[in-house]
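One structure is given here, and the rest of the page talks about it.
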Amino acid sequence: MSATEEKEQAVSGQAEQGKEGGEQAAGRAEIKPTSTLSRAKLLKFLVLPLLVFGAGFVVNLFIGWVIFPRLLYSEKDQPIDFSHKIHVEAVEEGCESCHFFGEDGTFSGVPGAAKCAECHEERIGIHPEEAKLVEEYILPGKEIPWHIYARQPNCVYFSHAAHIKMAKLECVTCHGPVGESIHVKRYQQNRITGYSRDIWGWRISGIKTNSWDRMKMDDCADCHKKSGARNDCFVCHK
4 MSATEEKEQA VSGQAEQGKE GGEQAAGRAE IKPTSTLSRA KLLKFLVLPL LVFGAGFVVN
64 LFIGWVIFPR LLYSEKDQPI DFSHKIHVEA VEEGCESCHF FGEDGTFSGV PGAAKCAECH
124 EERIGIHPEE AKLVEEYILP GKEIPWHIYA RQPNCVYFSH AAHIKMAKLE CVTCHGPVGE
184 SIHVKRYQQN RITGYSRDIW GWRISGIKTN SWDRMKMDDC ADCHKKSGAR NDCFVCHK
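Numbering (the working numbering) for the sequence shown: 4 to 241.
Here it is, written out as structure tokens:
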């Protein structure tokens with residue numbers, strides 16, 4: 004083989020190598036659109052559904068925990084804004100000064116206007132709520148139309164005497180720190196069942212952190228079980 008032929012073969016080999024290298028480079032260049040397409044698919048099929056799910060979850064949580072309770076429960080203002088704190092500090096007997104047991108063992112519950120009149124036959128202060136009490140109820144001899152949480156549909160019997168005198172429970176166990184309140188909460192009643200919101204609890208999630216947060220049957224049954232009290236149906240359901 005002559006030197007000229009060898010030179011031509013070398014040039015031809017270099018050209019083929021250059022062609023192959025160009026094809027490989029072009030192949031590598033074609034990967035980039037494919038990679039970009041994969042990211043677009045990832046965004047479309049993974050990220051966007053997660054965003055939609057998250058937004059839907061937040062919206063439904065808001066509807067369930069904020070809007071739904073407003074639709075489920077009716078609200079009524081109490082006739083008088085009563086401060087337990089002022090009255091507890093003014094008397095020595097505490098809760099039992101107004102919520103007492105009769106000689107026959109029955110519980111007085113929410114006191115009537117006659118009990119209020121023992122101290123408020125006339126105005127003893129300048130508070131507008133006291134003026135309303137005296138002028139609209141005590142002087143005319145009218146009862147105060149309280150919206151009472153204890154008055155539930157007539158299917159359960161509850162004895163305060165059994166729980167306070169026999170079981171030695173404190174009022175705060177079921178009623179919470181009511182004695183520290185300076186306002187009475189609005190009465191909320193379930194539009195479907197007629198039960199007050201205190202039964203289910205004020206947290207729509209049903210989460211219970213204190214003994215007084217909820218008063219459902221399961222809560223009563225758990226307390227009976229822990230204390231060794233009877234859990235037969237007829238104990239509470241008459």
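Note that beta-carbon positions come from the ideal geometry of N, C-alpha and C, so glycine has one too.
Checklist entry - Using the rule of at least 16 other Cβ atoms within 10 Å of the residue's Cβ for burial, across every protein chain shown, is M220 buried or exposed? => result Result: exposed.
Checklist entry - How far does the alpha helix (DSSP H) with K229 in it reach, from first residue to last? => result 220-230
Item to check | When K118, S162, Y198, D84 are compared against D107, the one with the closest alpha-carbon | outcome: S162
Item to check | CA-to-CA distance, F71 to K211, given in whole angstroms | outcome: 19 Å
Checklist entry - Leaving out the 5 sequence neighbours to the left and right, which residues in its chain are closer than 7 Å to L136 when beta-carbon positions are compared? => result I83, C119, H123
Checklist entry - Beta carbon of R189, beta carbon of G204: below 9 Å? => result no
Item to check | Sheet register partners of K241 (DSSP bridge) | outcome: Per DSSP, none; premise fails for K241.
Item to check | Within 9 Å, strictly: CB atoms of I151 and I89 | outcome: Not in contact: I151 and I89 (Cβ atoms no closer than 9 Å).
Next on the checklist: Going by DSSP in three states, E92 sits in which element: helix, strand or coil?
Outcome noted: Look at E92 here: in three-state DSSP terms it is helix.
Checklist entry - Do you know whose CA, among D201, F103, H87, lies nearest C177's CA? => result D201
Checklist entry - How big is the Cα-Cα spacing for C239 and V159? => result 5 Å
Next on the checklist: My output table needs one value for I34: the three-state DSSP class, helix, strand or coil.
Outcome noted: No answer about I34 holds up, because its pLDDT of 48 lies below 50 and its placement is not dependable.
Next on the checklist: Contact between the stretch 164-176 and the stretch 134-148 is defined here as three or more beta-carbon pairs at a separation below 8 Å; is this criterion met?
Outcome noted: no
Checklist entry - Looking at the structure shown, is Y160 part of a helix, part of a strand, or coil, going by DSSP? => result In the structure shown, Y160 sits in coil (DSSP, three-state: anything other than H, G, I, E or B).
Checklist entry - Name the DSSP beta bridge partners of E192, please? => result First, the residue type needs correcting, since residue 192 is Gln and not Glu in the sequence shown. Looking at the DSSP assignment, Q192 forms a beta bridge with S77, S199.
Checklist entry - Under a CB-based cut-off of 9 Å, is V62 close to chain D? => result In the structure shown, chain D cannot be found, because there is only a single protein chain.
Checklist entry - In whole angstroms, what is the alpha-carbon distance linking A170 and G115? => result Taking the straight line from one Cα to the other gives about 27 Å.
Item to check | Length of the line joining the Cα atoms of F60 and N193 | outcome: 25 Å
Checklist entry - Cα separation between S111 and F103? => result 6 Å
Next on the checklist: Please return the same chain residues whose Cβ sits closer than 8 Å to the Cβ of G128, not counting the five positions on each side in sequence.
Outcome noted: none
Item to check | Helix, strand or coil at R233 [DSSP, three-state] | outcome: coil
Checklist entry - With 16 as the cutoff for other CB atoms within 10 Å, does I141 come out buried or exposed? => result buried
Checklist entry - Taking buried to mean at least 16 other C-beta atoms within 10 Å of its own C-beta, is S230 buried or exposed? => result Under this definition S230 is an exposed residue.
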